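The opening residue of the sequence shown carries number 1 in UniProt numbering; numbering runs sequentially from there. Beta carbons: idealized from backbone N, C-alpha and C, even for Gly. Bear in mind the structure is a predicted one, so any value in this text is a computation, not a measurement. Written out below as structure tokens is the structure these notes cover.
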Amino acid sequence: MSGDPAAVVLAGRSMTQIVSAIPVVAEQTGRAVVLVGGLAVMCRLTTPYRVTTDLDTVDRRAVNEDSQLQLLVAAGAKPSGPAGALVRTPWGEVQVDVLEVTDADIDDLPDDPTDRLHVQSHAWAASTASALLLSAEGIPPLTVRVAEPGPIIAMKLQSIMNRGAAKEGTDLLDVVRITLDRTCGPVSRDQLESAEAQLRADALLHARQWFDRFEAQSLRKIRALPEGRDVEIDDLRLVSDLFAGALDRR
1 MSGDPAAVVL AGRSMTQIVS AIPVVAEQTG RAVVLVGGLA VMCRLTTPYR VTTDLDTVDR
61 RAVNEDSQLQ LLVAAGAKPS GPAGALVRTP WGEVQVDVLE VTDADIDDLP DDPTDRLHVQ
121 SHAWAASTAS ALLLSAEGIP PLTVRVAEPG PIIAMKLQSI MNRGAAKEGT DLLDVVRITL
181 DRTCGPVSRD QLESAEAQLR ADALLHARQW FDRFEAQSLR KIRALPEGRD VEIDDLRLVS
241 DLFAGALDRR
């Protein structure tokens, strides 16, 4: 990464296809795209370790506004999955998943800590995302807001709970890679340490579950992935200790 905003170069036709959906989504919804999910992870890591196959965005909106998903479907996108649509681009169709947070969600937070962390982490991601300049082969560079490392970790800690086995492993490995990254790791911990108290408490609850109570299970899921076979139990214990230092401020 270099420049201001920082530049990220994404290689391969599949990345061109995904990035090409960003201006299409922005045009069809009339709202800025805020990247989360796998593409945000790739953008934030010093050395990206995996590819992604879809585009995830946060839709932070007022209750009386149409959702980004509704606007995409109204513009001709095909509904796909529980919260997504296939969006046509000059490079082919792209799966776009929309993670929605409304004012009502914020004003009346769920009692369940996992549901509450979903709302607060995605709202945090939307409010703090910063601009990066994305370059991919065959299309002009474009500036887009991308979730910061701390909010990415908070979102991933929550999403593990609701995923299938393969996606659980990917989310866990994303958390490990970001936390231990020489550049975005320290940034993520500073951000988590300064987060709102309830979010910190809920994130710590989930971090202890995945990296303490169920550390052996988490390691198995990570090492089931080709990209995670170099991860050791000591890595997970280091992640656990780093989270405790950032999140447990009693």
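Where residue i sits in the DSSP three-state scheme
| i | result |
| --- | --- |
| residue 226 | helix |
| residue 316 | Since the first and last residues shown for the chain are 1 and 250, residue 316 lies out of range. |
| residue 89 | strand |
| residue 76 | coil |
| residue 23 | helix |
| residue 2 | Residue placement at residue 2 cannot be trusted, given a pLDDT of 45 that sits under 50; the coordinates are not used to answer. |
| residue 67 | coil |
| residue 236 | helix |
| residue 296 | In the structure as shown, the chain begins at 1 and stops at 250. Residue 296 is therefore absent and cannot be evaluated. |
| residue 48 | coil |
Beta-bridge partners of residue i, as assigned by DSSP
| i | result |
| --- | --- |
| residue 196 | Answer is none; residue 196 lacks a bridge partner. |
| residue 98 | 57 |
| residue 36 | 56 |
| residue 242 | For residue 242, which the question treats as bridged, DSSP gives no partner whatsoever. |
| residue 119 | Per DSSP, none; premise fails for residue 119. |
| residue 84 | 97 |
| residue 146 | 35, 130 |
| residue 9 | 135 |
Between the CA atoms of residue j and residue i - distance to the nearest angstrom
| i | j | result |
| --- | --- | --- |
| residue 2 | residue 111 | Residue placement at residue 2 is poorly supported in this model, since its pLDDT is 45, which falls under 50; the coordinates are not used for a value here. |
| residue 73 | residue 199 | 32 angstroms |
| residue 42 | residue 102 | 27 angstroms |
| residue 9 | residue 87 | 23 angstroms |
| residue 92 | residue 15 | 12 angstroms |
| residue 39 | residue 129 | 13 angstroms |
| residue 236 | residue 36 | 23 angstroms |
| residue 71 | residue 173 | 33 angstroms |
| residue 11 | residue 97 | 22 angstroms |
| residue 33 | residue 205 | 30 angstroms |
| residue 85 | residue 75 | 11 angstroms |
| residue 106 | residue 202 | 15 angstroms |
| residue 83 | residue 176 | 27 angstroms |
| residue 22 | residue 233 | 38 angstroms |
| residue 247 | residue 68 | 32 angstroms |
| residue 238 | residue 163 | 24 angstroms |
| residue 28 | residue 77 | 10 angstroms |
| residue 119 | residue 187 | 22 angstroms |
Any non-hydrogen atom of the ligand GTP closer than 7 angstroms to residue i Cβ
| i | result |
| --- | --- |
| residue 168 | This structure lacks the ligand GTP, and indeed carries no ligand of any kind. |
Three or more C-beta pairs below 8 angstroms linking the segment 63-73 and the segment 181-190: As far as the Cβ criterion goes, the segment 63-73 does not touch the segment 181-190, which means the pair count is below three.
Cβ contact check for the segment 201-214 and the segment 242-250: 3 or more pairs under 8 angstroms: The segment 201-214 is in contact with the segment 242-250.
The segment 112-130 contacting the segment 139-149, beta-carbon criterion three pairs below 8 angstroms: Flag = yes, the segment 112-130 and the segment 139-149 touch.
Three CB pairs or more closer than 8 angstroms across the segment 131-144 and the segment 214-227: No: the two stretches stay apart, fewer than three of their Cβ pairs being nearer than 8 angstroms.
The segment 113-122 / the segment 153-161 touching (three or more Cβ pairs under 8 angstroms): Yes, they touch.
Stretch pair the segment 39-58 + the segment 192-207: three plus CB contacts closer than 8 angstroms: The segment 39-58 makes no contact with the segment 192-207; the number of CB pairs closer than 8 angstroms stays below 3.
Minimum length 4: unbroken alpha helix (DSSP H) runs contained in the segment 171-218: Correct list: 184-193, 197-208.
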